[in-house]
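Residue numbers (the working numbering), protein chains in the order written: chain A, 1 to 133; chain B, 1001 to 1363; chain C, 2001 to 2191. Note that the Cβ used here is the ideal one computed from N, Cα and C, for glycine as well. This one's a predicted model, so the numbers in the text were calculated from it and none came from an experiment.
Structure follows, in structure tokens:
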């Protein structure tokens, strides 16, 4: 295990931590969602990097021959298609949850008047204390 | 030729962008930088030979996601205040990073062909998908046929997101009934209306964007592409139209009722193809049952229909989300005190003195 | 033959790289927003075109066609978006810093004073609204509880439609174009 063989994973971990830091340290909900997007992209990158084969090409067959007799060249190295498929799903699901998260942030803004998390928590606590006897 | 320098440069840029996004207080710039982050990572994915993933990330992350962030920022605050919990955050992040760093010790070398991940289904798909399915793009055959049920669930998630956003943000006042006041020929978006260049070029680009979306939909079998990317690019064309002419103009050409129907029809198509396979004698989503004498033909048909369903639902959901976000009434400003606006306009330069001798000096 | 092509291609490629570098330096070092936009636009137009056309010399005809198509689309989209950025900045109230450069968009009126329409802080659309092209509804009602207002209650479709549409007078004739234009301008700019 050397720098030359593992530095990709370490850079990806650094990116992950940058995203995680934004989620934890920033009070603004929209900024947190941006950090979450960064975190998500770097996790996807980690999985995709595991599927790469050195000297391999994209997992699309190189066809030799013409028309109906075209035959794929199975002797060259291809990258593993399974992580790509899983990460395609992950990207699309990520955008779906991002859209929902942003919609929730808009409603929070309309209900509480702010999107800073500590102010929202304070208002929530004050509301609950005023409601419960 | 070694790709290491290129990958290293991209990684460094990504790290810089990731750190700067956290530190920027102007959220508009942060949203743009998030789009740049997605775009740079799409470049990295291409270097890692994940072309389908790169395509989807560029379309989704750098396109739709940025529009959604901007739409949210238009409804909430533009800037962020300072926070004082940096030390706790750095501590937690360092611990987690250290744990993950130790976790990578057991991982195989990057790009090693003997990695455990390559034994098993990956090799089987690469070796046998030509005989069993017959498509050059192995990712599409895995996505739509081998792991077709997974993709069905993913489409359901997209559909659920569309429904969820509609439930959260759909406003009574935003619904355009059939008798609503028509939009005049000139654009209603006030400050964009005086941009003839943007309007002309938008009109030129729009058919190419839509045609490209159809091309991506059809050629997902032969190269990077497929239903998701096509749906996102198709929606992006309409979003471009909406950015130039205003969202109400888009609602005239893509009525919301049609989009809501489209959301459901795509998912229904996907499910029905599976059920049709059941009636044809195979298991759920086993497309070979359609043509038992030529299994690959049935696979082609099944994949075509399934990707069509994916494309329809994804484009409809993206457009519905765009509509719902932009139709949400803005926070109202009380007319009496204009200084108490939500986000004061940042003055980047001072306004110079009005030239009083302007009338004589003009040639 | 191949060497000559390679040399020409490399020269054009390096030219494109030069424009990209110059554009990048200009983006940081230039003092004014509009000059920085010019530098960024140079990256899009000359830099991208130089790099892609230089690559054409190393490729086969089908790839050359694709590269030239990419150049055409980059010129259509990126350059025009730089233009849109500059227009939007002007609408937002950002003006030229250099007092020796005259801003010709402010035309002096007949009385001799220049008319500059600078939106105030309250009226200026936020950057996101400019980007999305949406209008802000400024009417008199305050809305402290927007969440309750937008609650989806069970209303009949007829009521929904009646609530959404303003009164539409179908008997009114369409206004003649020239008169309506100035009216529209004033109304839109003030709102």
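Cβ of residue i within 8 Å of any chain A Cβ
i, result
"residue 1301/B", "no"
"residue 1219/B", "no"
"residue 1130/B", "yes"
"residue 1097/B", "yes"
"residue 1337/B", "The predicted position of residue 1337/B is uncertain, since its pLDDT is 46 and thus under 50; no value can be drawn from it."
"residue 1284/B", "no"
"residue 1101/B", "yes"
Cβ pair residue i, residue j closer than 8 Å
i, j, result
"residue 1168/B", "residue 104/A", "yes"
"residue 1045/B", "residue 1017/B", "no"
"residue 95/A", "residue 1312/B", "no"
"residue 42/A", "residue 12/A", "yes"
"residue 49/A", "residue 1125/B", "no"
"residue 1231/B", "residue 1273/B", "no"
"residue 2026/C", "residue 2039/C", "yes"
"residue 1261/B", "residue 1315/B", "no"
"residue 1239/B", "residue 1229/B", "no"
"residue 1317/B", "residue 1161/B", "yes"
"residue 1310/B", "residue 1227/B", "yes"
"residue 86/A", "residue 61/A", "no"
"residue 2067/C", "residue 2085/C", "no"
"residue 2023/C", "residue 2054/C", "no"
"residue 1237/B", "residue 1209/B", "yes"
CA nearest to the CA of residue i, picked from the options
i, options, result
"residue 2020/C", "2085/C, 2078/C, 2043/C", "2043/C"
"residue 2009/C", "2032/C, 2035/C, 2064/C, 2034/C", "2064/C"
"residue 1021/B", "118/A, 35/A, 67/A", "35/A"
"residue 2048/C", "2093/C, 2090/C, 2085/C, 2018/C", "2018/C"
"residue 69/A", "1025/B, 1103/B, 1130/B", "1130/B"
"residue 56/A", "47/A, 80/A, 37/A", "80/A"
"residue 1076/B", "9/A, 115/A, 14/A, 123/A", "115/A"
"residue 2070/C", "1304/B, 1205/B, 1249/B", "1205/B"
"residue 2/A", "1074/B, 1031/B, 1107/B, 1073/B", "1107/B"
"residue 14/A", "33/A, 98/A, 45/A", "45/A"
"residue 1199/B", "2090/C, 2076/C, 2093/C, 2096/C", "2076/C"
"residue 1070/B", "1054/B, 1031/B, 1259/B, 1118/B", "1031/B"
Proximal residues of chain A, C-beta to C-beta of residue i below 9 Å
i, result
"residue 1136/B", "60, 61, 62, 63, 70, 72"
"residue 1031/B", "30, 34"
Contact with chain C by residue i, beta-carbon distance below 8 Å
i, result
"residue 1002/B", "no"
"residue 1195/B", "yes"
"residue 1020/B", "no"
"residue 1191/B", "A caution first: residue 1191/B carries a pLDDT of 49, below 50, which makes its placement in the model too unreliable to give a value."
Cutoff 8 Å: residue i Cβ touching any chain B Cβ
i, result
"residue 13/A", "yes"
"residue 20/A", "yes"
"residue 123/A", "no"
"residue 2215/C", "This structure leaves residue 2215/C out entirely; chain C is present only between 2001 and 2191."
"residue 76/A", "no"
"residue 2006/C", "no"
"residue 88/A", "yes"
"residue 32/A", "no"
"residue 3/A", "no"
"residue 48/A", "yes"
"residue 126/A", "no"
"residue 2152/C", "Its pLDDT being 41, under 50, residue 2152/C is placed unreliably by the model, and the measurement read from it follows with that caveat. Chain B, which has a Cβ nearer than 8 Å to the Cβ of residue 2152/C, makes this yes."
"residue 82/A", "yes"
Integer Cβ distance of residue i from residue j, believed to fall under 8 Å
i, j, result
"residue 26/A", "residue 1080/B", "7 Å"
"residue 1133/B", "residue 1299/B", "5 Å"
"residue 17/A", "residue 1097/B", "4 Å"
"residue 1033/B", "residue 1010/B", "Actually they are not in contact, since the Cβ atoms of residue 1033/B and residue 1010/B sit about 15 Å apart, beyond 8 Å."
"residue 91/A", "residue 1093/B", "Actually they are not in contact, since the Cβ atoms of residue 91/A and residue 1093/B sit about 24 Å apart, beyond 8 Å."
"residue 1323/B", "residue 1256/B", "6 Å"
"residue 84/A", "residue 1050/B", "5 Å"
Contact set between residue i and chain C, taken where Cβ atoms lie within less than 8 Å
i, result
"residue 1205/B", "2073, 2076, 2077"
"residue 1201/B", "2076, 2077, 2080"
Under 7 Å by beta carbon: chain B residues contacting residue i
i, result
"residue 2087/C", "1195"
Contacts that residue i makes with chain B (C-beta to C-beta distance below 9 Å)
i, result
"residue 116/A", "1077, 1080, 1081, 1083"
"residue 132/A", "Near residue 132/A there are no residues of chain B at all, since even the closest Cβ is about 27 Å away, more than 9 Å."
"residue 111/A", "Within chain B, no residue comes near residue 111/A; the closest Cβ sits about 11 Å away, beyond 9 Å."
Under 8 Å from the C-beta of residue i: neighbouring residues of chain A
i, result
"residue 1328/B", "106"
"residue 1057/B", "41, 44, 91"
Contacts that residue i makes with chain C (C-beta to C-beta distance below 9 Å)
i, result
"residue 1198/B", "2080, 2081, 2083, 2084, 2087"
Partners in chain A for residue i, counting only beta-carbon separations shorter than 7 Å
i, result
"residue 1287/B", "Going along chain A, no residue has its Cβ under 7 Å from residue 1287/B, so there is no contact; the nearest lies around 17 Å."
Contacts that residue i makes with chain B (C-beta to C-beta distance below 8 Å)
i, result
"residue 9/A", "1104, 1107, 1110"
> Going along the segment 1035–1068 of chain B in order, which residues come within less than 7 Å of chain D, judged by CB to CB distance?
Replying inline: Structure shown: chain D not included; protein chains present are A, B and C.
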